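The structure appears below as structure tokens.
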Amino acid sequence: MSVYVSKSLEDTALLGKRIAGKIKEDSVIAYFGGMGMGKTTLTRSIVEALGGGDCVSSPTFAIVNEYQGKCSIYHFDMYRVTNWDDLYSTGFFDYLDNGIIIIEWSENIENALPDNTIKIYISHGNDENERIFKIEGLDV
Ligand SMILES: Nc1ncnc2c1ncn2[C@@H]1O[C@H](COP(=O)(O)OP(=O)(O)O)[C@@H](O)[C@H]1O
Ligand SMILES: [Mg+2]
Numbered sequence: 015m016s017v018y019v020s021k022s023l024e025d026t027a028l029l030g031k032r033i034a035g036k037i038k039e040d041s042v043i044a045y046f047g048g049m050g051m052g053k054t055t056l057t058r059s060i061v062e063a064l065g066g067g068d069c070v071s072s073p074t075f076a077i078v079n080e081y082q083g084k085c086s087i088y089h090f091d092m093y094r095v096t097n098w099d100d101l102y103s104t105g106f107f108d109y110l111d112n113g114i115i116i117i118e119w120s121e122n123i124e125n126a127l128p129d130n131t132i133k134i135y136i137s138h139g140n141d142e143n144e145r146i147f148k149i150e151g152l153d154v
């Protein structure tokens with residue numbers, strides 16, 4: 015488990031760059047941590063570093079956003095996905111192995127995550143702009 019302490023948006027962007035440099039074209043990244051923790055912000059920097067542009071937004075209503083950089087990136091928001099039927103209808107299982115998968119609200123689909131998933135647990139630090147990222151399955 016790696017622990018990364020971010021004290022600013024810039025720190026979080028740097029972490030995104032580092033992650034982007036180490037993942038594979040079919041990696042699965044699952045975030046755990048509530049609203050405002052920086053999941054979408056971190057995703058933006060990962061996608062940017064992979065050449066997928068800077069228009070990353072929260073896929074809350076779409077459930078999945080797709081970005082094309084060096085490889086395909088599928089960005090899921092599982093906030094409203096609470097059972098297996100819902101999950102199947104998002105196409106999640108068809109996207110696995112066909113690109114990088116990044117998942118917000120992984121709490122809701124934890125049992126469906128593949129074994130080699132990179133898990134990122136995010137919590138608040140001491141001050142308002144501090145975030146603690148605990149990363150399992152990838153050395154950053
Ligand atoms: N160190 C930090 N890293 C990431 N976001 C931060 C940090 N400090 C403050 N923030 C703020 O927290 C919010 C994170 O929003 P967002 O990335 O949409 O979170 P989530 O997707 O987890 O709900 C933004 O308003 C951002 O400016
Ligand atoms: Mg978000």
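Position 48 (the sequence shown) corresponds to 62 in my numbering; numbering is contiguous.
Where is the CB? At the ideal position from N, CA and C, for every residue including glycine.
Keep in mind that this is a model prediction, so the values were computed, not measured.
query: Residue 90, buried or exposed, once every other Cβ within 10 Å from all chains shown has been counted against 16; result: buried
query: Cβ-based burial, residue 94 [other Cβ within 10 Å; buried from 16]; result: exposed
query: Residue 22 burial status per 10 Å Cβ neighbour count (16 or more: buried); result: exposed
query: Helix, strand or coil at residue 150 according to DSSP, with G and I counted as helix; result: strand
query: Residues surrounding ligand 2 [beta-carbon distance to nearest heavy atom under 6 Å]; result: 53, 54, 72, 118
query: From 39, 102, 59, residue whose alpha carbon lies closest to that of residue 84; result: 39
query: Among 108, 63, 96, the one whose alpha carbon lies nearest that of residue 82; result: 63
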